Amino acid sequence: GENVEQHPSTLSVQEGDSAVIKCTYSDSASNYFPWYKQELGKGPQLIIDIRSNVGEKKDQRIAVTLNKTAKHFSLHITETQPEDSAVYFCAAGGTSYGKLTFGQGTILTVHP
Amino acid sequence: NAGVTQTPKFQVLKTGQSMTLQCAQDMNHNSMYWYRQDPGMGLRLIYYSASEGTTDKGEVPNGYNVSRLNKREFSLRLESAAPSQTSVYFCASSDGTGAGEQYFGPGTRLTVT
Numbered sequence: 064g065e066n067v068e069q070h071p072s073t074l075s076v077q078e079g080d081s082a083v084i085k086c087t088y089s090d091s092a093s094n095y096f097p098w099y100k101q102e103l104g105k106g107p108q109l110i111i112d113i114r115s116n117v118g119e120k121k122d123q124r125i126a127v128t129l130n131k132t133a134k135h136f137s138l139h140i141t142e143t144q145p146e147d148s149a150v151y152f153c154a155a156g157g158t159s160y161g162k163l164t165f166g167q168g169t170i171l172t173v174h175p
Numbered sequence: 180n181a182g183v184t185q186t187p188k189f190q191v192l193k194t195g196q197s198m199t200l201q202c203a204q205d206m207n208h209n210s211m212y213w214y215r216q217d218p219g220m221g222l223r224l225i226y227y228s229a230s231e232g233t234t235d236k237g238e239v240p241n242g243y244n245v246s247r248l249n250k251r252e253f254s255l256r257l258e259s260a261a262p263s264q265t266s267v268y269f270c271a272s273s274d275g276t277g278a279g280e281q282y283f284g285p286g287t288r289l290t291v292t
């Protein structure tokens with residue numbers, strides 16, 4: 064089955080800096096790569112996703128890049144703010160009934 | 180429109196006790212999922228239901244059973260709880276037509292002593 068590795072496990076940045084989280088996946092048939100943000104005590108919420116026919120997607124301060132050949136994708140957050148502090152999960156899927164395989168998560172802390 | 184709701188929010192069980200976690204969605208979604216979240220291990224799929232009347236095992240199904248009661252509801256049952264099942268459990272749903280966004284409930288924090 065699919066295996067998703069996510070790095071780093073923790074990331075600490077100063078407000079205004081950029082943050083980058085990277086993921087690799089193993090199943091070349093995967094074609095959907097979402098990123099979820101989880102705030103303390105809540106369920107994960109989708110912040111951006113990308114499909115395999117696209118190399119990059121942006122939404123205001125967040126962007127995701129995908130390299131299908133190398134089987135890796137990354138989340139980029141620019142001009143970080145304290146409210147960006149949360150746990151971020153990458154995932155891969157699209158091969159079976161919407162099933163997703165998640166990475167281990169990254170705890171992002173943005174210091175004011 | 181409440182989205183995905185889960186009950187209870189918190190539960191403490193003794194080893195060997197049984198319980199059912201309830202999940203309901205009001206988005207008319209076809210597919211529903213149960214995950215467990217443990218520190219450093221992300222979200223792991225326990226069971227999923229691609230459509231009403233069908234259920235399939237995920238990555239970590241041992242010790243659990245599920246029921247897709249109707250299109251709205253998908254329950255997770257622990258028949259004989261073990262300390263290794265201490266975790267936060269999330270239910271999610273999606274429209275199931277291929278790959279797309281999953282919507283998550285608020286979670287149930289379960290402790291087994």
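Protein chains in written order, with the working numbering: chain A, 64 to 175; chain B, 180 to 292.
Ideal placement from N, C-alpha and C gives every residue a C-beta, glycine not left out.
Source: prediction; values computed, not measured.
- Between GLN196(B) and ALA271(B), the C-beta gap is not smaller than 9 Å, which leaves the two residues out of contact.
- Interface residue (Cβ-Cβ distance to chain A less than 9 Å): ARG223(B) is classified as such.
- Against chain B, a Cβ distance below 7 Å from LEU163(A) picks out GLN281.
- Per DSSP, GLY156(A) is one residue of the beta strand (DSSP E) stretching across 149-156.
- Short of 6 Å from the beta carbon of ILE113(A), and not among the five residues preceding or following it, lie these beta carbons of its own chain, in chain order: PHE96, LYS120, VAL127 and LEU129.
- Taking the beta carbon of PHE253(B) as reference, no residue of chain A falls within 9 Å; the closest one sits roughly 13 Å away.
- Nearest neighbour of PRO71(A) by Cα position, chosen from TRP98(A), PHE165(A), LYS100(A) and ILE84(A), turns out to be ILE84(A).
- Short of 7 Å from the beta carbon of GLU142(A), and not among the five residues preceding or following it, lie these beta carbons of its own chain, in chain order: GLY79 and ARG124.
- In the three-state reduction of the DSSP assignment, GLU142(A) falls in the coil class.
- Note on geometry: alpha-carbon atoms of THR169(A) and PRO218(B) lie some 11 Å from one another.
- With its beta carbon less than 9 Å from one in chain B, LYS105(A) belongs to the interface.
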